[in-house]
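In what follows, a structure is listed as structure tokens, so that the remarks can point back to it.
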Amino acid sequence: MDNAHDLQASTESSTVDLKHDRDEENTQQADVDSSLSATVTDSLDHVLPRDREMKTPTYDYAYEKSMSHTEAKLFYQHHQLVSRGADSESDQGSGLTGRPSASDILSTKVQTEGKPQTGILGSSNSTQLGTPTSGYAEITSTSPGQLPLRDDTMHHGNPNEQGSCYMQFATEVPGAIKSAMNMTGSGTVASELNIIYRKIRGLLERRAEYIRLSSQGPEDNPKDRPDWRIYPPPPEPAWDADRENGNQESSPGAGTKKRKMGQDIGEDFDMAEFIPLPGESSWTFRLDENSVYQVYENIEAANVHKPTIRIPSLRDFYMDLDAVIDVSTDGPAKSFAFKRLSYLEGKFQLYTLLNEYQEIADSKKVPHRDFYNVRKVDTHVHHSACMNQKHLLRFIKSKMKKSPDEVVLFRDGKHLTLREVFESINLTAYDLSIDTLDMHAHTDSFHRFDKFNLKYNPVGESRLREIFLKTDNYIKGRYLAEITKEVISDLESSKYQMVEWRISIYGRSIQEWDKLAAWVVDNKLFSPNVRWLIQVPRLYDVYKASGMMENFEQVITNVFQPLFEVTKNPSSHPKLHIFLQRVVGFDSVDDESKAERRLYRKYPIPREWNTKQNPPYSYWIYFMFANIASLNFWRKQRGFNTFVLRPHCGEAGDPDHLAVGFLCCHSISHGILLRKVPLLQYLFYLDQIGIAMSPLSNNALFLTYDKNPFANFFRRGLNVSLSTDDPLQFAFTKEPLIEEYSVAAQIYKFNAVDMCELAKHSVEQSGFELSLKKRWLGANCSLRGVAGNNVAKSNVPDIREQFRHETLLGELALIERYSDRHIDCSTRRPIVPATGSQLEAPSRIPLDPEQGHSGHSQSPTSSILPQLRSDASDAEALRNTCSSDTTRAGDSGNSLGGTHPTGQAAASPGSPPEHRIFPGIVHERIRRDNTNINNDS
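Here the working numbering is used: position 886 in the sequence shown is 880, and no number is missing along the way.
Now the structure itself:
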């Protein structure tokens, strides 16, 4: 009994000691907790405003662990104490199993309810340190800002229903956003998303307005109307179904000459078919003080300076361009765009895994169609290099044998025959070979654009280039016309390959347009497989150095004045009027990698640009855009075909060129630098801006094939197409476009559906008439998604089109949701891509002169930026800030955009040097730094 009593007493005393120890441990833990919170609070209170990190959509202390070394140490100590306390309680409550019982969990939940648990920052959105976390994400309810796109997004229906199984869950936007962006605090993240999406929306609206203003939209071109006459007419469709869907108005009449495709090129063309030409317009045009051609309804309107359409000034253009660059260089926006692009790429890979075999099955069900007999357009190819080396070599040898005594050149005061030209370079027809021509650019031209330009000279002789590859020479370009007809014959024989050849107007002389039009019309270079683009080389510095011109305005005059003259009165340039019906747009070409030195604080107008320095890329593009916008408005009013701007952009050099292309260009060529600017890449995706890429050309000049972003762009859903650029320098086969596709398929592992989708993109990007596109893609090709897809024509399965279309609509719906969170839904305007089929024509200026002049009373700024920006106040605030900074900077240069407000003091001499990207604009980073300095003081 005594032993039992002693054992009981010792047990009670040990229990008391354990309770006492546990109480002391809890007291110590409470002291540590209080000291931790006090230390963290004190550390945050002493942080300067400039050292506090700005919140971004991905900013979260628990996930990003963006904390100092001291905070990390305190976090670790606190975590260890919490873990010990949790382990001891679990051991006591559940015995030796080590697992918490249901009562322990409930009791813990009851204790924590009603208490504000905070993380490191004391924020309710942070991860709670005192709460054990599980190994999977907690399922939360959907917040109002995370409503699904469709009511049936969570519905897992019958697998036999229409659409793939992927579409039943992949379009669930809230889950996708959470997985891509760690969306834990719906309120905070939604507000941050609102800022970024409003910026994106503002940029899309800026571009949409520029496209509307310049009549570059899909419904702005009169040649896409059903009553447009194509002459010479295309061949009749081979199948009855094609005849039913084709444009019957464009079919040849009873008296029209017919020829077999691939033979007798141009014999079906007769200039008498265009007689009589349209009459002279009562409207007039003048070159204003800013070197932009303005169109007026009459002489009286011209005298009082009331143009029919108001073109944005150079200052307004650079302000808009600076806004695009500010957003594209913003850190949070770049991170956000990169994650969205990564999500799009991963989504396509998941789609491919789930639907690859279904796509193959759908393709096999299509009769007759495969990759080889779907239409493909070479959307970027230079005419003077449109043939391959073997073709050119064979042509030169034939001329040497058949016409050696023909006078082909006048140089140094005497006429030279073809034989004498070759004797002067010590060559005979037998000596010529591919190696002797030396026109391939595969080994010694990488990052050497100067050497690449020399590759256009056969045997390294510029005189041979002038004889065989020029339109304006002693023989009036007859040799180039003959080899062009041979290339056209090959294209027509293949039937399914089309080209858009780019031919040069240099701007050296005002007679260039008439000479080029005469070369095309006189040699009858008309084919249903060929359309033309006009490329303007940026060579003002060369002309100025040689004394050919005094200022940059002469280039603008030589390029655009004949176009306005022929629009006013086609009889003044009849051949030019006929040739322009086959011209689809303009291009700007030169070496983009050239350094653009900033000599001016504020760019002068072209009339005063008289230095030997070449204007920058953005300066060239603006004056091309401004004059094309004015010209298109007049041509559209007269019922003539309009033009688009499709320049070389993003091949090398400054990535800011891509911002210019996004703002005011219909589509671009190359665009490989988009890989460095994720936000602009995301904008190109949202607006489906066409990108004609040439990986083989880039491989030889600027970027090796394995690093080319073409495959990534395609998987992410950008509107990309394949083109050859310069077959003479890069191709080896008779069909360079097929060669480009075949190399891409081998390197990037493209399947047949991918190839057909790329071919469809090329047709959509091209400038061929809508009636021809309906023949090639189907009667509803102008519609988006499955509604516009005819798998019997394009060989692209509906399931692929459905995926692409729904993914794009999902991204646009996110912009609509988060950019309009604080705006009345009744006044909300949906986001529509500028290149979509729903665009409206500009309604500010009446097309009919009798409709009045209601648009004349608007200011230039209001005509450029309409009420579309009323729901994007941040973009307008940025513009106002830029305007105020411009005024403070002073106006020492020439005024390009009207008078500036007076009474503003100029920058003080002792102020730090201002960092400027464009004239009169202070960069957003400088303004932010100045704000932080003011806050600190």
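Glycine included, every Cβ here is placed at the ideal spot set by N, Cα and C.
| Taking the continuous beta strand (DSSP E) assigned at His409, which residues delimit it? | DSSP places His409 inside the beta strand (DSSP E), whose first and last residues are 408 to 411.
| query | Which two residues bound the contiguous alpha helix (DSSP H) that contains Trp628? | reply | Taken as a continuous stretch (DSSP letters only), the alpha helix (DSSP H) holding Trp628 covers 611 to 632.
| C-alpha distance - Leu412 paired with Lys464, whole-angstrom precision | When rounded, the separation of the alpha-carbon atoms in Leu412 and Lys464 is 15 Å.
| Roughly how many angstroms separate the alpha carbons of Tyr961 and Lys754, rounded to a whole number? | This structure leaves residue 961 out entirely; the chain is present only between -5 and 931.
| request: For Leu667, I'd like the list of residues in its chain whose CB is within less than 7 Å of its CB, leaving aside the five on either flank, ordered along the chain. | output: Closer than 7 Å at the Cβ level, and outside the excluded window around Leu667, lie Gly644, Pro649, Leu652.
| said: When you compare the stretch 276 to 283 with the stretch 500 to 520, are there three or more beta-carbon pairs, one atom per stretch, that lie closer than 8 Å? | reply: No: fewer than three Cβ pairs fall under 8 Å.
| task | Taking only the alpha-carbon atoms, compute the straight-line gap between Arg405 and Phe416 and give it to the nearest angstrom. | result | One C-alpha to the other measures close to 14 Å.
| query | Is the Cβ-Cβ distance between Phe637 and Phe696 less than 7 Å? | reply | No; because the gap between Cβ atoms is not below 7 Å, this pair is not in contact.
| message | Rounding to the nearest angstrom, what Cα-Cα distance links Val826 and Thr346 in this structure? | response | Legend: pLDDT at Val826 = 46, less than 50; position of this residue unreliable, value from coordinates given subsequently. Approximately 27 Å, taken between the alpha carbons.
| said: Please tell me whether Asn382 and Ala725 are closer than 7 Å, where the distance is taken between their beta carbons. | reply: Yes.
| Endpoints, alpha helix (DSSP H) assigned at Lys509 | Per DSSP, the unbroken alpha helix (DSSP H) holding Lys509 starts and ends at 506 to 516.
| said: Just verifying my parser: in three-state terms, what is the DSSP assignment at Tyr424? | reply: The answer is coil: DSSP assigns Tyr424 none of H, G, I, E or B.
| Three-state secondary structure (DSSP) at Cys659? | If DSSP states are grouped into helix, strand and coil, Cys659 belongs with coil.
| Looking at Asp218 and Leu731, is the spacing between their C-beta atoms short of 7 Å? | For the 7 Å CB-CB criterion, Leu731 and Asp218 do not form a contact.
| query | Along the chain, where does the alpha helix (DSSP H) that runs through Ala964 open and close? | reply | With the chain covering -5 to 931 only, the question about residue 964 has no answer from this structure.
| message | What residue range does the alpha helix (DSSP H) around Gln548 cover? | response | Per DSSP, Gln548 belongs to the alpha helix (DSSP H) from 547 to 562.
| task | Write down every uninterrupted run of the alpha helix (DSSP H) in the stretch 307 to 360 whose length is 4 residues or greater and which is fully enclosed by it, in chain order. | result | Within the stretch 307 to 360, the runs of alpha helix (DSSP H) that reach at least 4 residues and sit entirely inside it are, in chain order, 308 to 322, 325 to 358.
| query | Under a three-way DSSP split, which group does Phe573 fall into? | reply | Of the three classes helix, strand and coil, the one that applies to Phe573 here is helix, per DSSP.
| Rounded separation between Ser565 and Asn284 - CA only | Distance between the alpha carbons of Ser565 and Asn284 is about 29 Å.
| field | Cβ contact check for the stretch 745 to 763 and the stretch 704 to 713: 3 or more pairs under 8 Å | value | With contact defined as three or more Cβ pairs closer than 8 Å, the stretch 745 to 763 and the stretch 704 to 713 are in contact.
| Candidates Pro216, Phe342, Gly260: closest to Arg798 by CA position | Across the set Pro216, Phe342, Gly260, the C-alpha of Phe342 shows the shortest separation from the C-alpha of Arg798.
| query | Any Cβ of chain D within less than 7 Å of the Cβ of Tyr597? | reply | Chain labels in this structure do not include chain D; a single protein chain is all it has.
| Close-in-space but distant-in-sequence residues of the same chain around Arg200 (CB under 6 Å, 5 per side omitted) | For Arg200, where only same-chain residues beyond five positions count, the Cβ hits under 6 Å are Asp314.
| said: Here's a check: name, in chain order, each residue in its chain whose Cβ is nearer than 7 Å to the Cβ of Ile499, leaving out the five neighbours to either side. | reply: So the qualifying residues of the chain are Glu506, Trp507, Leu510, Ile528, Val530, Val553.
| Alpha carbon of Asn626 to alpha carbon of Tyr225, nearest angstrom | One Cα belongs to Asn626, the other to Tyr225, and the distance between them is close to 21 Å.
| Can you tell which of Lys562, Ser587, Leu410, Lys393 has the C-alpha that lies nearest to the C-alpha of Gly273? | Looking at the Cα atoms, Lys562 is the closest of the given residues.
| field | CB contact flag (Arg532, Trp628, <7 Å) | value | For Arg532 and Trp628, no; Cβs fall outside 7 Å.
| request: Return yes when the Cβ of Ser717 is within less than 7 Å of the Cβ of His374, no when it is not. | output: Cβ distance < 7 Å, so His374 and Ser717 count as in contact.
| Identity of the residue in Pro270, Ala738, Ile303, Tyr676 nearest Ser336 by Cα | Considering only alpha carbons, the answer is Tyr676.
| Rounded separation between Asp399 and Pro452 - CA only | In this structure, the alpha-carbon of Asp399 lies about 20 Å from that of Pro452.
| Which residue's Cα is closest to the Cα of Phe268: Arg223, Lys254, Asp310, Val289? | With distances taken between CA atoms, Phe268 lies nearest to Arg223 out of Arg223, Lys254, Asp310, Val289.
| Separation of Gly647 from Ala589, as counted between CA atoms | Spanning the two alpha carbons is a distance of roughly 7 Å.
| query | So the alpha helix (DSSP H) Met543 belongs to, where does it begin and stop? | reply | No alpha helix (DSSP H) holds Met543; DSSP gives it neither H nor E.
| field | Contact set for Ser275: own chain, Cβ-Cβ below 8 Å, skip 5 residues either direction | value | Result list for Ser275: Thr561, Lys562, Asn563, Trp628, Arg632, in chain order.
| Assigned exposure category for Leu639 - 16 Cβ within 10 Å defines buried | Counting Cβ neighbours within 10 Å, Leu639 comes out buried, since at least 16 surround it.
| request: From the DSSP output, in three-state form, read off Arg472 for me. | output: If DSSP states are grouped into helix, strand and coil, Arg472 belongs with the helices.
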